[in-house]
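A quick write-up on the structure given underneath.
Residue numbers (our numbering): 61 to 131.
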């Protein structure tokens, strides 16, 4: 493993570097998951808007049919 170089203990520096790399990797993974979850949320909102529009059109058409039958 690491030893001393120029009187500096490289073991702690190596461990610190590994810890920093692991933290950076964990952050990257968290950002990727957040981006996926954000996209899933956007997709859910878009789907809900389409469903709402379809329901509104169906109600409008049902109303038009009802008025035609009454009139």
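For glycine and all other residues, C-beta sits at the position ideal for the given N, C-alpha and C.
- When beta bridges are read from the DSSP output, residue 69 appears opposite 64.
- When rounded, the separation of the alpha-carbon atoms in residue 120 and residue 108 is 18 Å.
- Between the alpha carbons of residue 111 and residue 126 lies a gap of roughly 22 Å.
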